[in-house]
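Peer 1: Here full-length UniProt numbering is used: position 590 in the sequence shown is 590, and no number is missing along the way.
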Amino acid sequence: MPFTWSIRRYLLILVLAVTLPLAGLLIYSLHRNYLDVLSRAGLITTHFTEIAAADTARFLHDTRQFLRGLADRPQTRRLDPTQCDPLLAEIDAFFPQFANTAVLDREGQMLCSARTTPSKAKLPSFAQSLWFQQARSANTPHLGTAHIGPVSGKWVVVISEPIPAADGSFTGLVGYSLDLESYHLFGLAADALPAGMSLAVIDGQGRVILRSEKSPEQVGTGYSRADLLAQLGQGSGYALASGANGTQVIAQTTIEGTNWRVVGTRPVAPIFSGVWASAEGQYAAAALLIALGSLLALFVSRRIVWPIRRIADTATKVAEGDLNHRLDAEGPSEIATVATHLNRMLDIRVGAEARFKALLESASDAIVVANQEARITIANERATELFGYSLAELLGMSIHELVPAEARDRHRQEVSRYFAGGTQRTPARLVLGQRKNGQVFPCHIGLSPFEADGVPMVSAIIRDLSERVELEAQIVHQSQHDPLTGLPNRALLNDRLERAFARTHRDGHRVAVIHIDIDNFGEINDFHGTAVADQVLCRCAESIIHSLRGTDSVIRSGSDEFIVIVEDTAADSVALQFGQRLRAALRDLAIETPRAITVTASIGIALFPCEGGADGLLKHADLALAQAQRDGGNTLRFFESEMDARASRRMDVLSRLRGAIGRGELFLHYQPKVCTADGQVIGVEALVRWHNGDIGMIPPSDFIPLAEESGLIDEIGEWVLRRACEQGMRWQAEGLSELSIAVNLSTRQFRQERLLALVRSALEDSGLPPQRLELEITEGMLMQDPEKAAVVLRRLHELGVRISIDDFGTGYSSLSYLQRFPVHTLKVDQSFVREISNSPGAAAIVTAVISLAHSLDLCVVAEGVETEAQRRFLGDLACDYCQGYYFSRPVAAGEISALNGAEPATLPRA
């Protein structure tokens with residue numbers, strides 16, 4: 001009888017033949033799925049720790065930047081508890097995670113705090129606090145250890161920034177306490193993390209200092225699985241841990257720049273609940289297949305295997321980077337549950353990448369990620385804006401194309417060395433980038449290495465420095481150039497001279513420095529206003545520039561001064577011709593103003609080589625200019641060695657003049673004014689004299705101009721006025737009550753606001769009647785500001801003082817101002833009087849002045865009368881009074897009494 005199998009057995013064999021391989025495939029798929037899910041769970045947990053670590057590092061960096069700005073504020077650097085920075089009071093409202101923000105001095109005493117305290121409460125000292133001692137010792141930005149804050153009473157970490165002194169020494173710090181219990185990692189609520197996941201930050205002592213919302217860890221306590229953290233080491237990574245709460249995925253990432261690490265935990269059970277359920281269903285399905293037979297086995301196998309295969313296919317696509325693929329929840333419920341969980345896991349992954357992309361796009365700097373082949377794999381929108389490429393063009397592009405062509409070979413070598421030498425984070429450095437349109441621009445680039453699926457990558461943060469470089473260049477230009485004329489200013493003077501000297505040493509030519517000063521520029525500014533004065537300067541600058549050659553340069557060295565550097569000067573005559581051409585160019589300027597302006601200039605020229613290099617050359621040009629100004633302006637002078645000696649003497653005279661009044665070295669002489677008709681002395685002019693014990697008598701022509709230039713004329717003028725008034729009262733006591741006293745006013749005195757008060761005080765203190773005092777002023781003083789001069793003269797006239805116009809005929813000599821001003825006397829300048837016998841023109845001028853004065857009912861005094869012929873001529877013209885050496889030289893006060901009533905022949909002559 002042949003051996004036969006029952007149908008059940010065949011079915012069983014068939015079922016086994018069908019189900020066993022399927023069961024084996026199912027077991028293999030489950031095991032592979034288990035490993036994949038476990039790996040993804042570890043990577044996802046690690047990814048969240050990396051995000052949290054990056055966020056925390058960024059938070060610490062931003063906080064340090066904020067503290068640096070606060071430490072640099074003047075209110076903070078004063079370290080004055082009575083003048084705390086008002087910004088502290090606002091920090092608490094804007095930064096609730098700050099337990100406190102405070103300013104401490106170098107001894108650890110709190111000076112200012114963001115937390116309001118009772119006015120009488122003493123602020124605590126942190127001198128014994130470990131974090132303060134460490135921060136003071138380091139004198140650098142410092143991150144302290146976690147502790148309970150004495151002010152807030154909470155678990156805090158103090159982040160501090162030193163307040164350096166000018167020499168860099170420690171003077172105190174600005175610190176803020178981070179409230180560890182209130183601050184949640186990167187702002188994620190508990191429901192924003194995957195189910196069951198919690199995050200915590202562990203410090204170097206293994207204590208929990210920060211945690212995510214609803215984390216089981218407690219701030220200030222030791223981390224529950226510190227033993228496992230030691231196995232993970234530094235950097236990022238994950239592992240499985242078993243404990244009372246079951247198996248968990250635990251991952252960590254070190255926070256850059258600290259000894260902190262972010263630790264994430266996630267229970268494994270919820271992740272694999274669907275997997276285990278699927279396995280139970282599959283085992284039941286296999287038993288059912290055996291029971292129902294081949295058809296049922298085929299049906300069940302189709303219902304089980306195909307959904308599992310679709311899950312495997314989906315996992316493969318996800319592994320290849322297709323995160324948009326999703327499973328349909330078909331087949332048995334267990335498999336549908338696995339599909340649902342897998343879809344949810346993919347959604348979480350996509351959400352995390354979306355957040356990463358949002359973070360990438362929110363950056364103000366360009367961010368580019370490249371692989372080992374230097375191909376761009378990631379770029380943000382700012383990168384497309386910076387380089388001018390579209391995102392599609394950037395992705396896959398070689399990063400070498402983002403640098404100028406001439407720098408690409410070197411760039412390739414640097415990139416190769418970077419990847420070959422073990423990539424490491426590099427500080428930002430200055431490089432040149434190139435846009436799509438070929439434009440080259442400066443930028444800062446910082447490199448940060450990382451790995452993606454084991455592949456080395458590098459991210460570059462690129463900041464455009466074009467505006468900054470342009471602004472720096474603009475600042476440098478503004479610091480070295482005059483904003484009005486656009487000419488280089490004195491900051492570039494030595495640079496221009498050194499360049500000229502270098503070419504001189506090479507070529508053997510000479511260098512000339514021409515120092516130009518616009519004559520009477522102060523009067524132009526006062527009379528016409530600053531707008532016209534600025535126009536004059538600009539036109540002068542243009543005229544000078546047009547006169548230059550290609551190798552010459554011009555500097556605006558002062559308000560109304562220019563320095564021209566002339567190279568290739570073979571002889572003095574060349575420099576002279578150049579200076580004369582400049583004078584002529586300035587003189588020919590046409591300035592559009594209601595009243596015509598004639599621009600003249602004083603010019604000093606010095607030549608190099610000379611002693612003293614650049615300083616000596618400039619000094620020589622200054623001395624030559626000063627001589628040109630002393631010679632009346634509108635002229636040109638070369639430096640001569642005698643000028644240096646004269647300048648030294650002027651400085652010696654000026655230094656002695658400063659104490660002359662205090663030493664009693666100044667005294668007055670008086671030159672009589674006599675009646676032309678009868679020769680009687682009717683008044684005197686007070687003239688200051690100076691006798692120094694070391695150098696003897698100093699002529700007024702030597703020290704009066706120095707007094708004008710230095711401002712000492714104010715003090716000397718007041719002294720002369722008071723002494724003259726006092727002497728007038730002495731003569732009155734001697735019976736000379738009708739003798740008038742004339743005192744010269746300087747330009748500076750006439751401009752003083754206190755002139756009226758000074759004259760009144762001198763009259764009141766001395767008791768001299770006002771009508772006996774005569775003040776002599778020049779025409780130029782009146783015409784500098786006629787309106788103001790009219791007011792001053794009117795007030796002096798109201799005091800009873802007489803006004804005399806000195807040196808009449810040498811200035812404006814305008815009939816209109818004689819009618820406007822309360823003038824009593826005109827003094828004909830001695831330059832005309834001396835020539836009346838020899839020059840018909842001078843005689844005609846004197847005749848006209850006397851006739852004009854008498855027509856206006858003014859008295860006339862002729863100065864500089866030295867001969868009998870001059871006296872007779874003036875007498876024939878009915879000149880009222882004469883003054884000069886023909887009658888008397890200036891004499892001491894004691895000799896005036898004897899002169900009164902004497903005949904001209906008996907008066908002392910010069």
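Note that the Cβ used here is the ideal one computed from N, Cα and C, for glycine as well.
Using the Cβ count rule (16 or more neighbours within 10 Å means buried), how would you classify residue 914?
Peer 2: Absent from the structure is residue 914, since the part of the chain shown begins at 1 and ends at 910.
Peer 1: Could you check whether Val-828 and Ile-803 sit closer than 8 Å to each other, using their CB atoms as the reference points?
Peer 2: Against the sequence shown, residue 803 aligns to sequence position 803. Against the sequence shown, residue 828 aligns to sequence position 828. Contact: no.
Peer 1: Between Glu-787, Ser-710, Thr-76 and Gly-235, which lies nearest to Asp-105 when the distance is taken from Cα to Cα?
Peer 2: Position 105 of the sequence shown, counted from the first residue, corresponds to residue 105. Among Glu-787, Ser-710, Thr-76 and Gly-235, the Cα nearest to that of Asp-105 is on Thr-76.
Peer 1: Looking only at its own chain, which residues have a Cβ that is under 6 Å from the Cβ of Tyr-389, when we skip the five neighbours before and after it?
Peer 2: On the sequence shown, residue 389 is found 389 positions in, with the first residue counted as 1. Result list for Tyr-389: Lys-436, in chain order.
Peer 1: Under the assumption that Ala-628 contacts Ile-603 (Cβ atoms under 8 Å), give the Cβ distance between them as a whole number of angstroms.
Peer 2: Within the sequence shown, residue 628 is the residue found at index 628, counting from 1. Within the sequence shown, residue 603 is the residue found at index 603, counting from 1. Yes, Ala-628 and Ile-603 are in contact; Cβ-Cβ is about 6 Å, under 8 Å.
Peer 1: Please list, in chain order, all residues of the same chain as Pro-904 whose beta carbon is under 6 Å from its beta carbon, the five residues on each side excluded.
Peer 2: The residue you call residue 904 lines up with position 904 of the sequence shown. The pLDDT assigned to Pro-904 is 45, lower than 50, so where the model puts this residue is not dependable; a value taken from the coordinates is nonetheless given after this. Closer than 6 Å at the Cβ level, and outside the excluded window around Pro-904, lie Gly-679 and Phe-887.
Peer 1: Who are the near neighbours of Gly-800 in its chain, counting only those whose CB is closer than 6 Å to its CB and skipping five residues on each side?
Peer 2: Within the sequence shown, residue 800 is the residue found at index 800, counting from 1. Same-chain partners within the cutoff: Pro-770 and Gln-771.
Peer 1: To test your reading of the DSSP string, which unbroken alpha helix (DSSP H) runs of 4 or more residues are found completely within the region 62 to 97?
Peer 2: DSSP runs (the alpha helix (DSSP H)) wholly in the region 62 to 97: 74 to 77 and 87 to 94.
Peer 1: Count the other C-beta atoms from every protein chain shown that fall within 10 angstroms of the C-beta of Asn-259, then say buried if there are 16 or more, exposed otherwise.
Peer 2: Here residue 259 corresponds to residue number 259 of the sequence shown, with the count starting at 1. Burial call: exposed.
Peer 1: Roughly how far, in whole angstroms, is the beta-carbon of Leu-111 from the beta-carbon of Thr-101, given that I think they are within contact range, below 8 Å?
Peer 2: On the sequence shown, position 111 is the one that residue 111 refers to. On the sequence shown, position 101 is the one that residue 101 refers to. Between Thr-101 and Leu-111 the Cβ distance is about 12 Å, and since that is not below 8 Å, they are no contact.
Peer 1: Please report the distance separating the alpha-carbon of Arg-658 from that of Ser-837.
Peer 2: Taking the sequence shown and counting its residues from 1, one reaches residue 658 at position 658. Taking the sequence shown and counting its residues from 1, one reaches residue 837 at position 837. In a straight line, the C-alpha of Arg-658 is about 43 Å away from that of Ser-837.
Peer 1: Along the chain, where does the alpha helix (DSSP H) that runs through Ser-766 open and close?
Peer 2: The residue labelled residue 766 in the question sits at position 766 within the sequence shown. Element bounds for Ser-766: 755 to 766.
Peer 1: State the Cα-Cα distance for the pair Cys-675 and Trp-719, rounded to the nearest angstrom.
Peer 2: Locating residue 675 in the sequence shown gives position 675, where the first residue counts as 1. Locating residue 719 in the sequence shown gives position 719, where the first residue counts as 1. Each residue's Cα considered, the two are about 29 Å apart.
Peer 1: What is the DSSP secondary structure of Val-476, counted as helix, strand or coil?
Peer 2: Counting from one through the sequence shown, the residue named residue 476 turns up at place 476. Of the three classes helix, strand and coil, the one that applies to Val-476 here is helix, per DSSP.
Peer 1: Regarding His-147 and the ligand NAD, is the C-beta to nearest heavy atom distance less than 7 Å?
Peer 2: Within the structure as shown, the ligand NAD is missing, as the structure has no ligands at all.
Peer 1: Find the nearest neighbour of Leu-386 within the set Arg-417, Leu-432 and Asp-347, judged by alpha-carbon distance.
Peer 2: Along the sequence shown, one-based indexing puts residue 386 at 386. For the residues Arg-417, Leu-432 and Asp-347, the minimum Cα distance to Leu-386 belongs to Leu-432.
Peer 1: Secondary structure at Gln-671, three-state DSSP: helix, strand or coil?
Peer 2: Looking up residue 671 in the sequence shown gives position 671. Note: Gln-671 maps to strand in three-state DSSP.
Peer 1: On the CB-based measure, 16 or more other CB atoms within 10 Å of its CB, does Tyr-176 come out buried or exposed?
Peer 2: Within the sequence shown, numbered from 1, the residue matching residue 176 stands at position 176. Tyr-176 is buried by the Cβ-count criterion.
Peer 1: Would you call the CB atoms of Ala-146 and Gly-206 closer than 8 Å?
Peer 2: For the purposes of this step, residue 146 is identified with residue 146 of the sequence shown, where counting begins at 1. For the purposes of this step, residue 206 is identified with residue 206 of the sequence shown, where counting begins at 1. No, they are not a contact pair.
Peer 1: Closer than 8 Å is the cut-off here; do at least three beta carbon pairs connect the region 480 to 500 with the region 527 to 545?
Peer 2: yes
Peer 1: Quick test of your reading: Val-201 and Leu-178, contact by CB under 8 Å. State the CB separation rounded to the nearest angstrom.
Peer 2: As a working mapping, residue 201 is identified with position 201 in the sequence shown. As a working mapping, residue 178 is identified with position 178 in the sequence shown. The Cβ separation is near 11 Å, so there is no contact.
Peer 1: Is it right to say Ala-898 is buried, meaning 16 or more other beta carbons lie within 10 angstroms of its own, or is it exposed?
Peer 2: The sequence position of residue 898 within the sequence shown is 898, counting from 1. Label assigned to Ala-898: exposed.
Peer 1: Taking 8 Å as the limit between beta carbons, can you name the residues of its chain near Glu-217, skipping five residues before and five after?
Peer 2: Taking the sequence shown and counting its residues from 1, the one referred to as residue 217 is at position 217. Excluding positions up to five away in sequence, the list reads Ser-198, Ala-200, Val-208, Arg-211, Tyr-223 and Ser-224.
Peer 1: Counting C-beta neighbours from all protein chains within 10 Å, is the total for Tyr-28 16 or more, i.e. buried, or is it exposed?
Peer 2: The count along the sequence shown starts at 1 and reaches residue 28 at position 28. Tyr-28 should be labelled exposed.
Peer 1: Quick check on Gly-206: does DSSP put it in helix, strand or coil?
Peer 2: In the sequence shown, counting from the first residue as 1, residue 206 sits at position 206. In the structure shown, Gly-206 falls within a coil segment according to DSSP collapsed to helix, strand and coil.
Peer 1: For Ser-398 and Ala-452, I'd like the C-alpha separation in whole angstroms.
Peer 2: Position 398 of the sequence shown, counting from 1, holds the residue named residue 398. Position 452 of the sequence shown, counting from 1, holds the residue named residue 452. Answer to the nearest angstrom: the Cα atoms are 19 Å apart.
Peer 1: Among the candidates Arg-730, Arg-760 and Arg-722, whose CA atom is the shortest distance from the CA of Val-743?
Peer 2: Working through the sequence shown from its first residue, we reach residue 743 at position 743. Taking only the C-alpha atoms, the option nearest Val-743 is Arg-722.
Peer 1: Tell me which same chain residues have a C-beta within less than 7 Å of the C-beta of Glu-895, skipping the five on either side of it?
Peer 2: Along the sequence shown, read from residue 1 onward, the residue named residue 895 stands at position 895. Answer for Glu-895: no residue qualifies.
Peer 1: Would you decide whether Phe-126 is buried or exposed? Buried here means 16 or more other CB atoms lie within 10 Å of its CB.
Peer 2: As a position in the sequence shown, residue 126 is number 126, starting the count at 1. Buried, by the Cβ-count rule.
Peer 1: How far does the beta strand (DSSP E) with Ser-242 in it reach, from first residue to last?
Peer 2: Your numbering for residue 242 matches position 242 in the sequence shown. That run of the beta strand (DSSP E) goes 237 to 243.
Peer 1: Based on DSSP bridge pairs, tell me the residues matched to Tyr-176.
Peer 2: Start at 1 with the first residue of the sequence shown, and residue 176 comes out as number 176. According to DSSP, which records beta bridges pairwise, Tyr-176 is partnered with Thr-101 and Ile-159.
Peer 1: In the DSSP output, what is Trp-690 paired with across the bridge?
Peer 2: Locating residue 690 in the sequence shown gives position 690, counting from the first residue. DSSP, once it has assigned bridges, lists Leu-666 and Ile-698 as partnering Trp-690.
Peer 1: Please report the distance separating the alpha-carbon of Ala-790 from that of Leu-586.
Peer 2: Here residue 790 refers to the residue found at position 790 when the sequence shown is read from its first residue. Here residue 586 refers to the residue found at position 586 when the sequence shown is read from its first residue. Taking the Cα positions, Ala-790 is about 33 Å away from Leu-586.
Peer 1: Just to confirm before moving on: does the CB-CB distance between Arg-795 and Leu-756 stay below 8 Å?
Peer 2: Residue mapping note: residue 795 aligns to position 795 of the sequence shown, counting from 1. Residue mapping note: residue 756 aligns to position 756 of the sequence shown, counting from 1. In this structure, Leu-756 lies closer than 8 Å to Arg-795 by Cβ.
Peer 1: Return the first residue and the last residue of the alpha helix (DSSP H) that Gly-257 is part of.
Peer 2: For the purposes of this step, residue 257 is taken as residue 257 along the sequence shown, with counting starting at 1. Neither: Gly-257 is in no alpha helix (DSSP H) and is coded neither H nor E.
Peer 1: Just to confirm my understanding: we take Asp-785, look at its own chain, exclude 5 residues before and 5 after, and list those with CB closer than 8 Å. What are they?
Peer 2: Residue 785 sits at position 785 when you count from the first residue of the sequence shown. Closer than 8 Å at Cβ, skipping near neighbours: Asp-526 and Phe-527.
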